[in-house]
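Take a look at the structure set out below.
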Amino acid sequence: MYHGFAVVYIITLQANALWALRERLANALVVEGRKAYHHDLSLSMDDYYAIVEDTRRQYPFPSCTATGFGHIGDGNLHLSIITSSKEADDINSFVLNWTKNHEGSISAEHGLGVAKNQYIHYSKSQKAVSFMIGLKKMFDPKGILNPYKTLP
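Residues in the sequence shown are numbered from 1187 upward in steps of one, following the working numbering.
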């Protein structure tokens, strides 16, 4: 009679353990003097992991460590790059241009927040951005839900 509950409990424990591993993955790669830079990208299935491989070729280990994980079913890739801060701007530019050239999006599941506002033109037209801003204003006219964000 209680066997079904036990299975659900075990599956929940396994899911929680897997989620905890996912949350710690990028930070586990960080070593002293280096920092993790994260990108939340949306890419086609053909390009899904290619950006990780191209980043590794462009910025080889040990100067850079690139890892990718995410949701293969919907094309969302969490690209984590571990490097020194002096290389971060160059690598960020590489990732943004690569994503643009492959018709991806620089802001996938987490929406467009403060950090990427100035980069949205890499993957969205001004007309699309204006539409997004208008949509957010329609549903949040007082700007109290996720303030300062273009989209939640």
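Quick reminder that beta carbons are idealized off the backbone N, C-alpha and C, glycines included.
Note that the structure is a prediction, hence the values are computed from the model and not measured.
- Message: Counting only beta-carbon separations shorter than 7 Å, does D1275 have a partner in chain C?
- Response: Reference to chain C is not applicable here, since this structure consists of a single protein chain.
- Determine the DSSP secondary structure at K1335, reduced to helix, strand or coil. coil
- Which residues does DSSP pair with A1228 in a beta bridge? The sequence as given places Ser at residue 1228; Ala does not occur at that position. N1262, S1291, per the DSSP bridge assignment.
- Query: Alpha carbon to alpha carbon, how far is T1253 from V1216?
  - Reply: 12 Å
- Query: Taking the alpha-carbon positions, what's the D1260 to A1236 distance?
  - Reply: 16 Å
- Assigned exposure category for V1300 - 16 Cβ within 10 Å defines buried: exposed
- Measure from the alpha carbon of Y1245 to the alpha carbon of each residue in H1224, N1278, H1257, then state which is nearest. N1278
- What residues are listed by DSSP as bridge partners for Y1223? I1267
- Message: Using CA atoms only, rank isn't needed, just tell me which of F1325, L1282, G1329 is closest to I1306.
- Response: L1282
- Query: Do you know how far the Cα of G1320 is from the Cα of D1275?
  - Reply: 31 Å
- Item | Rounded straight-line distance, which links the Cα of Y1234 to that of R1242 | 14 Å
- Please confirm whether I1267 and R1220 have their CB atoms less than 7 Å apart. no
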